[in-house]
Ligand code: SF4
C-alpha cells in the first residue's frame, strides 16, 4: 500500500487566520460569539463551542458582554452596523480576499452600479457580499439566473471565492452575451484551484482517494466531486474514525487531500491511521526492513521554516495589500505589497522570499521580498567596502555636517570634509550629482554607511601623478603651465605633477622676481633638471630652453651698426652700456665724446640713454667694444647728407586778387 499526500491540504490561510484569532480571544478570556459557524467543519466548531465559542444567527442574539468574531467568509454591512449600534466588540477575521470583494461591491453600488455575485446564493459568503451592495446586488447561481438577472452598463460582476473557474466562465459568458458593458472581476480564490488541480492529479494516480473535511463545506464537497469523477473509489471523511471501515486493499495506492476548513489535527490523524494500516500490512508480510512512518513522512514533505531563511514560493493569490505565496509549508505565506521588490507579480509567478516570522500571530507565515533585495544590496556594499572598491552614489540631501547619498539604494553619509579635495562651501551643489565614492566605514548592526568622495579623488590624483612620473626623464624638455609664483621661483604643471623652476633657472640674466620672466597661466617649455621621486620633487629650468645671450650676440650686434643702450656702470677707463638685459658693452673713455675728456663723467652718467656704435664683438672673451663718439659722428654725417640732398620747398604762389564785379 502506498500513500500520497496532497501538499495543499487543510486550512487555507483565511480559515487558519480565523481559527487562530478565536484561540487568541479565548486565551484572553473573552466571551466569543460568531455569526453562524466560524468555519465549515463541525469538529472544529464543536471543539470551539465546548470552550465557549457560541454561534448565533443574528447580531441581536449576541449578549452585550460578548465579542463577535467575524468569520473568514465575512458578513454584510448591515450586521456590522447593527453590532456597532449595540456597542458590541468586534474582532474581524474576514479573509483579506473576501474583504476585497466587499470593498468592490460597496464602491460600485455607492456609485450607482448593479452588483452580480456568481455563486451559491445561500452561501454565507455570497450573502455577505450582497450585504455590501446597498440593495443593488443579485446572486447568479444558474444559467437561467444569468439570462434573467437585471443588468445595466457598468454592472460589477464578482465571484464567490470558492466556485469553480469553469462555472464562473460559463455564467460570465451568458451575462456578456446580453450586450451590456460589464465590469467583470475574477475574485475566485486561487488557493481553491491550486488545491483542486493537485487533488485531480493525485486522484488520477490513485486507487483510493480520501477527501477529508466537513460535509457542509462547499470547498470540501467540490474537492470530493472532482476526485470522484476521476477515481471512483473516492471517500469523503469528516474524521479519522470514518476511515475505519473503508474498502482498502494492500496493493492500493491511496491519495489523501483535505478541504480548506479541515484542521491539521484531523488531517494528521487520517494520515496516521493510514500509516498504521500500512505498518500492519508490513508486519503481516514480516518484512524485516524498517518502513517509513507515513505520518512522519507527511511532516517531512512539509518545508521547515525559520526566520531569515530564503525560500522560493509560488504566488497563489493577490489582494490590494498582500500577496499570498505557497512556500510548501503547512501554512501559506503573506508578503505585504510594501515588502515586494517586484510589484508587478502575477499569480503562478515563482518568487524568492525571506521568512520574517514563521507565525505572524494569525497562523500565517510572514514573508518579505524586499528583505532579500536589501540583504543582497547590503552584502554588495560590505563586499565593496572589504575590497576597497569604488561605488557609484547620487547625492540625495544635504544634512548637518555633510551629504546623504544613495548607494545601491542604501543611504550613505559623506562628511563635508570628505566631499572634495578642497573645502566645500555649498553642499547643496552635490544633490542630484552622480559621484564615485569609497565606503570608509560600515556599522553592520546599525546598517550605517560612511563614504568618501575625497578618497576617490585622492586616489585618482595619485594614479595620475604616478603615471606622469613614469613619463618623466631627466634632461628632457617638456611643455608646462605656470601655476604659482613665489619669491624663490615658479611652480610649473608638467602634466599632472608640479615642478619648480628656481629663480636662478628662470633666465640667463640675474632675476629679482620670477614675475619679471613668467606669469601665472603662461605656457612654457622647461627642461627637467632633476627628479627626486622619494621627496616628490622635480627641478626644472626655463633658462635652459632659452639661448644664451653670448651665443647669439655675434649675429645680433654687427660691427658698424648703431644701437641704443643705457649706461649702467662707470669705470675710470670707460662706461659700461647695457644693450639688453644681461648683455653689456664697454665704451672706452677715448670713445665717450667727440673731444678729449678728463673723466668719463664729463661725457656720460649712469642711467643715461645713449646711442653707441658697435666697434667689435668677441663672443669668446664676452666683450663688445662700443663708441659714442663714432655714433655721434655718423649721426652728424647722416644729418648733413640729409640736408644736402633735401629738395628745397617751393615758395607758395600768391593768390590773384579777386576781380571787382562789374557795375
Ligand atoms: Fe480566504 Fe480563499 Fe480561504 Fe476563502 S478559501 S478563506 S478566500 S483563503
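Residue numbers (the working numbering): 26 to 688. The C-beta atom is built at its ideal place from N, Cα and C for all residues, glycine as well.
Taking a 10 Å sphere around the C-beta of residue 41, we find 16 or more other C-beta atoms and assign the residue as buried. The residue from 449, 624, 150 and 29 with its alpha-carbon nearest to that of residue 212 is 150.
Summarising the contact set, residues whose Cβ lies nearer than 5 Å to any heavy atom of the ligand SF4 are, in chain order, 37, 39, 97, 120, 122, 186, 214, 216 and 285. Residue state for residue 80 is assigned as strand, using DSSP reduced to three classes. Closest in C-alpha terms to residue 67, from the list 80, 545, 58 and 462, comes 80.
Residue 583 sits exposed, since fewer than 16 C-beta atoms from the chains shown fall within 10 Å of its C-beta. Contact check for residue 483 against residue 419 fails: the beta carbons are separated by 9 Å or more. Residue pairing of residue 608 in beta bridges, as defined by DSSP: 605. Here DSSP, grouped into helix, strand and coil, assigns residue 116 to strand. For residue 646, the closest of 664, 657, 593 and 579 by C-alpha to C-alpha distance is 579.
For residue 187, the closest of 217, 423, 123 and 541 by C-alpha to C-alpha distance is 217.
Look at residue 634 here: in three-state DSSP terms it is strand. As a beta-bridge residue in DSSP terms, residue 347 pairs with 361.
Three or more pairs of CB atoms, one per stretch, sit closer than 8 Å, so the stretch 425-440 contacts the stretch 395-409. Annotation: the continuous alpha helix (DSSP H) that includes residue 169 extends over 168-173.
Comparing C-alpha distances from residue 30 to each of 125, 279 and 63 shows the shortest one belongs to 279. When Cβ pairs closer than 8 Å are counted between the two stretches, the stretch 289-301 is seen not to touch the stretch 75-92, the count staying below three.
Apart from sequence neighbours up to five positions away, the residues of its chain that approach residue 519 with a beta-carbon distance below 6 Å are 503 and 505, ordered along the chain. The Cβ atoms of residue 601 and residue 592 sit closer than 9 Å to each other. Taking 9 Å as the cut-off, the beta carbon of residue 145 is found no closer than this to the beta carbon of residue 180. Distance between residue 265 and residue 254, taken at the CA atoms: about 23 Å.
According to the DSSP assignment, residue 127 belongs to the alpha helix (DSSP H) that extends over 121-135.
Assigned with DSSP and collapsed to three states, residue 163 falls in strand.
Cβ contact annotation for residue 69 (same chain, cutoff 6 Å, sequence separation greater than five): 288, in chain order.
Per DSSP, the continuous beta strand (DSSP E) segment holding residue 564 begins and ends at 562-566. Between residue 608 and residue 563, the CB-CB gap reaches or exceeds 9 Å. For residue 249, the enclosing alpha helix (DSSP H) has its first and last residue at 243-255. The beta carbon of residue 138 sits closer than 8 Å to the beta carbons of 161, 177, 179, 180, 181 and 208 from its chain, once the five residues preceding and following it are set aside; these are given in chain order. The C-beta distance from residue 284 to residue 239 rounds to 7 Å, short enough to meet the 8 Å contact threshold.
For residue 446, the closest of 486, 555, 469 and 35 by C-alpha to C-alpha distance is 486. Here DSSP, grouped into helix, strand and coil, assigns residue 540 to helix. If you look at residue 510, you'll find it in the beta strand (DSSP E) that goes 502-511.
In the three-state reduction of the DSSP assignment, residue 644 falls in the coil class, being assigned neither a helical nor a strand state.
DSSP places residue 110 in the uninterrupted alpha helix (DSSP H) bounded by 102-110. DSSP places residue 410 inside the alpha helix (DSSP H), whose first and last residues are 395-411.
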